[in-house]
Structure formats: C-alpha cells, structure tokens
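Report on the following structure.
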Amino acid sequence: MPSPNRGLVVALDGPASSGKSSVGAAAAATLGYRFCDTGLLYRAATWLARQREIGPHQAAGLAELADEIHLEADARGRLSHVLVDGTDVTSHVRDPEVEVHVSAISRVPELRAALLGRQRDIAAAGRIIMAGRDIGTVVLPNADLKLFLDASVEERARRRAEERSIDPDSPDGEAVLTDLRRRDTIDSTRAVAPLRVADDAIVLNTDGNRFEDTVALVIEQIRRAEARATAGSRR
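Laid out in structure tokens, this is it:
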C-alpha cells in the first residue's frame with residue numbers, strides 16, 4: 002500500500018488519440034500530481050532517428066539514441082519539454098513526419114528496452130500520472146492504480162480531425178481514420194509490449210464524453226484509490 006504522503010503512481014494507458022495525454026495532464030494539474038506522457042520519448046527518438054537517417058531496422062542505432070533524450074518539467078510538474086542532446090526540440094516531436102513513422106520506430110524492442118529504465122526512474126518518486134500504451138503492463142506493472150482510456154476508432158478519428166480543423170467526413174478526415182486504424186494494428190500486434198488492457202486495470206470508455214467528463218472520471222478513480230491508501234495506512 003502506497004504512503005499517503007508519497008501519493009500514487011498511476012498508469013494511464015490507451016490507444017492513439019484516446020485522450021490520455023490531455024486528460025492525464027488536466028487530471029494531474031487538478032490533483033497536484035506530476036504528469037509524464039511517455040509517448041514524447043518515442044516521438045523524440047523518431048525525430049532524432051529521421052535526423053540521423055536511422056531506420057527501424059537499425060535496432061542498435063536506435064537504442065543508442067535513448068541516452069540523448071531527456072524530459073524536463075514545466076512549472077506545473079508536467080514533463081512536457083523534450084531535450085535532445087541539450088537542445089529543446091519540443092516543437093518538432095509532433096511534426097507530420099514524426100506522426101507517420103513513430104509507430105514503426107517505437108515497436109523496436111531494443112529502443113523500448115533502452116527507454117524502460119528512464120520511465121521507471123521518472124515514476125519512482127510517486128505522485129505521478131504516467132501515460133502511454135504499455136505503462137500498466139510493462140513499464141509499471143506494480144503501479145498503484147491502472148486506468149485504460151478507451152474509445153472507438155471512429156470516435157478517436159473524429160476528435161483528431163476536429164483538433165486539426167478537418168471535416169471528419171471529408172477525404173482528409175477519412176485519411177485520419179485510416180491512419181489511426183494502421184497505428185492500432187501496429188501497436189496491438191507488435192512483438193514487444195503490445196497495446197493491451199492490464200488484467201487489473203479499470204477501463205473507462207469515453208465514447209460520447211466531453212473532455213471535462215473524462216477528466217472527472219480519472220480524478221474520481223484516483224481519489225478513490227487515494228482514500229483506500231489512506232484507510233490502509235491507518236490499519
């Protein structure tokens with residue numbers, strides 16, 4: 002049972018565009034928790050790999066990139082700044098080219114292994130929400146609370162299209178849907194750390210939810226877990 006003063010380690014998983022990053026960050030801000038989107042590490046690795054012309058088949062080269070990538074906290078405790086070899090590249094990690102290649106790069110076992118210790122070190126201090134696709138199953142299998150945000154691929158595609166001011170029913174909107182289906186297939190079938198729901202995770206289906214509704218659901222689950230931890234420490 003975690004110490005109430007230490008706070009919880011919360012694993013927040015879900016497929017691409019399930020809202021885990023924005024929802025997790027908002028919940029963390031309300032609760033006074035730190036927040037880490039582990040996808041930033043893989044996006045940074047993808048951006049750097051493209052800069053160095055290292056492909057997904059060059060596993061050793063990709064693994065070597067891990068030591069150059071670091072996350073830095075902002076004033077609210079969100080590990081939102083991406084540094085590569087000391088240079089802030091935050092503005093580049095969501096480039097369209099990174100978006101296209103990140104699933105292929107992030108499935109490389111050697112890269113995942115190289116970044117595993119980094120993620121666990123970040124979580125070790127507690128009082129953190131860590132978002133990703135394999136946090137509850139691989140990165141933090143002993144997390145105090147495991148949540149899985151889920152939504153249909155059509156719902157996720159609609160949200161992503163609207164974020165980009167794209168009509169979901171337009172050809173560009175259909176392209177967003179096709180890309181999400183592609184990423185889902187890659188993420189759920191990769192040999193190492195595939196996307197799946199941890200056996201002890203609480204699944205929160207967010208189809209039809211407003212953003213604030215989903216944030217409230219996550220906060221509710223964390224506060225319940227905190228209450229259980231406090232009660233357990235008093236026994």
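Our numbering puts the first residue of the sequence shown at 2, with every later residue one more than the last. Using N, Cα and C, we set each Cβ at its ideal position, and we do this for glycine too.
What does DSSP give as the partner residues of residue i in its beta bridges?
i, result
"Leu1", "Residue 1 lies beyond the stretch modelled for the chain, which goes from 2 to 236, so this question has no answer here."
"Val11", "Ile130, Leu146"
"Arg79", "Phe36"
"Thr88", "Val85"
With respect to the alpha helix (DSSP H) encompassing residue i, which residues constitute its N-terminal and C-terminal limits?
i, result
"Arg35", "It is not in any alpha helix (DSSP H) - Arg35 instead sits in the beta strand (DSSP E) that spans 35 to 38."
"Glu65", "60 to 66"
"His102", "97 to 107"
"Glu213", "212 to 234"
"Leu112", "110 to 124"
"Ala192", "Looking at the DSSP string, Ala192 is not in any alpha helix (DSSP H), and its letter there is neither H nor E."
Please work out which residues of its chain come closer than 8 Å, Cβ to Cβ, to residue i, disregarding the five sequence neighbours upstream and downstream, and give them in chain order.
i, result
"Ile106", "Tyr43, Ala46, Thr47, Ala50, Pro57, Leu63, Leu112"
"Ala202", "Ala12, Asp14, Gly137, Lys147, Leu148, Phe149"
"Ser19", "Leu150, Asp151, Ala152, Arg157, Thr207"
"Val216", "Val24, Ala27, Ala28, Thr31"
"Leu205", "Leu148, Phe149, Leu150, Asp151, Thr215, Leu218, Val219, Gln222"
"Glu244", "Shown here, the chain extends from 2 to 236; a query on residue 244 therefore has no answer."
Among the options, which one has its Cα closest to the Cα of residue i?
i, options, result
"Arg229", "Gly209, Ala152, Ala202, Asp145", "Asp145"
"Ile36", "Ala61, Pro97, His82, Arg183", "Note that residue 36 is Phe in the sequence shown here, rather than Ile. Checking every option, the nearest Cα to that of Phe36 belongs to His82."
"His102", "Pro195, Ala76, Gln52", "Gln52"
"Ile129", "Asp96, Glu98, Ala74, Leu117", "Ala74"
"Val177", "Asp89, Pro97, Arg77", "Pro97"
"Pro110", "Gly78, Glu69, Ser166, Arg191", "Arg191"
"Asp89", "Leu41, Asp180, Leu141, Gly174", "Leu41"
"Arg108", "Leu196, Arg77, Pro172", "Leu196"
"Arg182", "Val154, Pro169, Pro172", "Val154"
Give every residue of the same chain whose Cβ lies closer than 6 Å to the Cβ of residue i, excluding the five residues on either side of it in the sequence, and list them in chain order.
i, result
"Ser22", "Asp38, Ala132"
"His93", "Trp48"
"Ile123", "Cys37"
"Val193", "Pro110, Arg113"
"Glu65", "none"
Which residues bound the beta strand (DSSP E) around residue i?
i, result
"Val85", "82 to 85"
"Leu72", "70 to 73"
In chain order, what residues of the same chain have a beta carbon less than 7 Å from the beta carbon of residue i, not counting five sequence neighbours either side?
i, result
"Ser104", "Arg184, Ile187, Asp188"
"Ala226", "Leu9, Asp145, Leu146"
Three-pair Cβ contact test at 8 Å for the region 29 to 42 versus the region 158 to 178: no
Give a yes or no on contact between the region 137 to 145 and the region 7 to 20, applying the rule of three or more CB pairs nearer than 8 Å. yes
Okay, do the region 53 to 69 and the region 218 to 236 touch, 3+ Cβ pairs below 8 Å being the bar? no
Examine the Cβ distances between the region 202 to 213 and the region 15 to 27 and report whether three or more of them are shorter than 8 Å. yes
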